[in-house]
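*Asks:* Note that my numbering has the sequence shown beginning at 200, numbered continuously upward.
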Amino acid sequence: MQISIDLMLITIAITTIAAVAGGLITMIFPGMHVYNLLGFMMIFSMATVEAINPIFLASIIVGLMLGYIMTFSSISTLYFQAPDDSTMFFMMPSQKYMMKGKGHAAAVLGAVGSLVGVLIVVVGLPLGGFIIKIFYDVFKDAMFFLTGIVICFILMSEWPKDFGQGQTKWQRMRDGWSTLTWGYLVFFLASILGIINFNKPLIPASNAFQSLAPIFIGLFAIPSMITNVISKTNIPPQFVSKSVHIRAHHIIQSGVSGAAGGMYGAVTPGVTPGPAGYMAGHATAQGGETNFLMSMNVNRIVYYVGAATLLLHPDVHLRRGGVSMFIDLFGYTPKSSADYYMVVSALCFAAFFSFLLILGLSRLAGKFLRKLDFRIISMISIVVLIAIVALFTSWQGLIVLTVASGLGLLPVLFQTRRMNLLAVLLTPMFLNMSGAGGTVAKFLGLI
């Protein structure tokens with residue numbers, strides 16, 4: 200099937216504009232997820248959906264995903280979520296860069312990783328899509344097993360966070376298990392919250408497509424913003440380096456690790472980029488802050504953007520993840536491989552302009568932090584996020600948000616990993632796919 204030049208140019212323009220707009224919005228409001236933007240898009244476009252070419256809607260969604268991942272990963276989580284001095288030992292490499300005044304270098308490394316991820320989506324998926332199809336066909340009846348592997352990895356990789364200063368072995372054991380116990384308790388409580396949400400959600404049926412929004416905002420976004428507000432850390436002046444340390448082996452290692460984690464998460468139900476990338480890093484013996492900063496962005500691009508393009512891929516055509524769900528809600532069905540290659544081509548232009556945007560925004564954010572306290576930004580973000588939850592999910596969503604926020608603060612207070620909170624999605628998915636979901640729900644009195 201041939202496509203016109205006008206259609207191709209419009210698709211490229213729409214994808215690029217959506218990527219830039221999505222990046223700017225998520226930078227201004229740290230903690231906002233791209234799914235919230237897609238929710239706004241649904242509200243304002245469903246009335247005119249029949250008058251819009253479906254390929255344009257799909258392009259907007261893919262563009263928003265790309266802009267969100269590139270800008271959010273390289274700007275928002277770097278400049279607007281500063282660590283407290285009590286958690287310096289557990290800081291991510293990006294935060295360590297910022298506390299050394301090298302935030303711009305970390306942003307550039309993340310942006311380069313995003314470009315590597317786009318390269319994999321644009322070149323790797325068209326050539327290797329049949330491998331993903333084979334993988335899915337082999338495991339489609341045992342997806343719960345792949346999800347169970349991630350659950351086991353999260354639980355087994357939890358480690359004591361004390362420094363072994365107890366006077367006796369029992370004191371050292373007590374100190375070690377103090378954080379381990381809280382980690383397992385957080386995993387258990389998040390599992391219960393997820394099972395309740397899957398079987399008896401409080402969110403009205405009319406807004407069921409946003410039922411997870413108050414949970415994830417409460418578990419991850421609100422606690423981060425609260426931590427920022429009460430933080431006493433002062434951000435040092437940021438300087439703009441003229442070069443970053445990247446070698447060919449960094450690109451290869453981060454590309455392999457990020458692609459493996461991203462594709463594993465994209466194909467496996469309930470698995471998000473965090474644990475998938477963490478597992479892939481262990482599996483590929485990844486080391487070094489440069490590799491970490493790049494590979495996690497590769498992982499996110501492949502997971503979000505790659506999963507969205509799998510729906511359009513002529514050899515795969517998989518509906519995986521929330522992005523595919525949003526595309527389906529608009530009634531879009533790929534008509535030929537031409538749609539796929541047109542959207543993939545548009546991604547190249549959108550990634551290029553997003554990369555240039557990040558270079559400028561990083562410099563601006565570094566200067567902006569010296570004039571406006573990031574605590575003020577965090578307080579504004581909290582208000583905006585609460586308003587979004589109220590708009591999409593009414594008062595029921597605010598109740599869920601409150602409960603999830605309390606649970607999300609536990610890892611911060613007791614120095615355990617936030618990754619345990621992902622049990623809110625992993626555990627109910629594992630139980631339902633394995634056939635035990637109904638039994639557990641009945642035991643808890645939910646059905």
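Here a beta-carbon is modelled for each residue, glycine too, at the ideal position from N, C-alpha and C. Predicted model only: the values in this text are computed from it and were never measured.
With DSSP run on the structure shown, which of helix, strand or coil describes H481?
*Replies:* Three-state result, H481: helix.
*Asks:* Return the Cβ separation of I156 and T378 in integer angstroms, given the expectation that the two are a contact with Cβ distance under 8 angstroms.
*Replies:* The chain is shown from 200 up to 646; residue 156 falls before or after that span and cannot be answered.
*Asks:* Would you grab the beta carbon distance between L277 and M264 for me? Rounded to a whole angstrom, and I think it's under 8 angstroms.
*Replies:* Wrong, their Cβ atoms sit about 19 angstroms apart, outside the cutoff.
*Asks:* Can you tell me whether DSSP reads P468 as helix, strand or coil?
*Replies:* Correct three-state label for P468: coil.
*Asks:* Rounded to whole angstroms, what's the CA-CA distance from W381 to M618? Just pull it up for me.
*Replies:* For W381 and M618, the distance between alpha carbons rounds to 13 angstroms.
*Asks:* Nearest CA to the CA of K332: which residue from G266, P472, W376 and V515?
*Replies:* Of the candidates G266, P472, W376 and V515, the one whose C-alpha sits nearest the C-alpha of K332 is V515.
*Asks:* For D538, name the three-state secondary structure that DSSP assigns.
*Replies:* Of the three classes helix, strand and coil, the one that applies to D538 here is helix, per DSSP.
*Asks:* Are the CB atoms of Y539 and P513 within a distance shorter than 7 angstroms?
*Replies:* Contact flag set, yes.
*Asks:* Any idea what DSSP makes of E357, helix, strand or coil?
*Replies:* Three-state DSSP puts E357 in coil, outside helix and strand.
*Asks:* Which of helix, strand or coil does DSSP assign to F228?
*Replies:* Of the three classes helix, strand and coil, the one that applies to F228 here is coil, per DSSP.
*Asks:* Short check: CB of R562 to CB of V439, under 7 angstroms?
*Replies:* Cβ distance < 7 angstroms, so R562 and V439 count as in contact.
*Asks:* For L418, which residues from the same chain have a beta carbon less than 6 angstroms from its beta carbon, with the 5 sequence-adjacent residues on both sides left out?
*Replies:* Correct list, in chain order: A603, G607 and L620.
*Asks:* Determine the direct distance from the alpha carbon of M578 to that of G312, and round the result to whole angstroms.
*Replies:* Cα to Cα, the separation comes out at about 30 angstroms.
*Asks:* Smallest Cα separation from H449: which of L308, A640, M231 and Q294?
*Replies:* Closest option to H449, Cα to Cα, is L308.
*Asks:* Can you tell me which of I227, G316, L345 and G302 puts its alpha carbon nearest to the alpha carbon of F551?
*Replies:* Ranking the options by Cα distance to F551, first place goes to G316.
*Asks:* Buried or exposed for H303, going by 16 or more other Cβ atoms inside 10 Å?
*Replies:* H303 is buried by the Cβ-count criterion.
*Asks:* Between the stretch 554-569 and the stretch 387-398, can you find at least three pairs of beta-carbon atoms closer than 8 angstroms?
*Replies:* Result no; under three Cβ-Cβ pairs closer than 8 angstroms.
*Asks:* Do you know offhand how far V470's Cα is from A412's?
*Replies:* The alpha-carbon atoms of V470 and A412 are separated by roughly 16 angstroms.
*Asks:* Can you give me the C-alpha to C-alpha distance between G461 and I587, rounded to a whole angstrom?
*Replies:* Taking the straight line joining both Cα atoms gives about 28 angstroms.
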